[in-house]
Amino acid sequence: MFSLDTFKKDYCPFLREPDKIVPFSEFHYHMIDLNPFDQEYAREFPDYSHYLQQYTRQGLCYTGLSEGTIYAIFGFYQLWKGNAEFFLIPSKHINKKAMVFHKVSLQFFDYVANIMKLNRLQFSVCSRNIRAVKWAKSCKFIEEGILKNYGILSDDYIMFARYYEKGKKV
2 MFSLDTFKKD
12 YCPFLREPDK
22 IVPFSEFHYH
32 MIDLNPFDQE
42 YAREFPDYSH
52 YLQQYTRQGL
62 CYTGLSEGTI
72 YAIFGFYQLW
82 KGNAEFFLIP
92 SKHINKKAMV
102 FHKVSLQFFD
112 YVANIMKLNR
122 LQFSVCSRNI
132 RAVKWAKSCK
142 FIEEGILKNY
152 GILSDDYIMF
162 ARYYEKGKKV
């Protein structure tokens, strides 16, 4: 079973106040200062906070914040046994916490994979979002292919995945 306290204690001892990870609340989505790319997406998907709330019922969703500023909303949900999907909504301020965020993300991926005994953790990234594509690659996700006209704006998306054997990175 996933435990936020165990994750923070065992996987992220470097995470210090005022930086913290808390369970997601729909209110957080209304507080996050979205980057321009995600602002465009939000305009086209006005009920996205409700959609995120559905994720919390099917998986896990968290908010990364520091001193009242939300830096990211992220989480995952299980598609079926052994496979899960990751999602991330970064704020426009994420650069201020880039190193901590990146370290926590890598630990989060491995912790989730271990706890759930994953074979695969995947996520899709809009091909126009060059920054997100670079970040996915820096997290050792493998580019698998293009999802043509996939996004809400009919953008192409790139499917990325990390592979595991019973929760251990391959």
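Numbering (the numbering used here), first residue to last: 2 to 171. Note that beta-carbon positions come from the ideal geometry of N, C-alpha and C, so glycine has one too.
Under the rule that 16 or more other beta-carbon atoms within 10 Å means buried, what is residue i, buried or exposed?
i	result
Ala99	exposed
Leu89	buried
Val105	buried
Gly60	buried
Arg58	exposed
For residue i, which of helix, strand or coil comes out of DSSP?
i	result
Val101	helix
Arg132	helix
Arg163	strand
Leu80	strand
Arg121	strand
Glu41	helix
Going by DSSP, which residues form a beta bridge with residue i?
i	result
Gln108	Beta-bridge pairing links Gln108 to no other residue.
Asp157	Answer is none; Asp157 lacks a bridge partner.
Ser92	Leu35
Counting only the same chain and skipping the five closest in sequence on each side, list residues whose C-beta sits under 7 Å from that of residue i.
i	result
Gln54	Glu27
His29	Thr64, Ile71, Ile74
Who are the near neighbours of residue i in its chain, counting only those whose CB is closer than 6 Å to its CB and skipping five residues on each side?
i	result
Phe8	Tyr112
Ile22	Tyr63, Gly65
Next on the checklist: When you compare the stretch 53 to 73 with the stretch 94 to 112, are there three or more beta-carbon pairs, one atom per stretch, that lie closer than 8 Å?
Outcome noted: yes
Checklist entry - Is the stretch 57 to 64 touching the stretch 152 to 161, taking contact as three or more C-beta pairs under 8 Å? => result no
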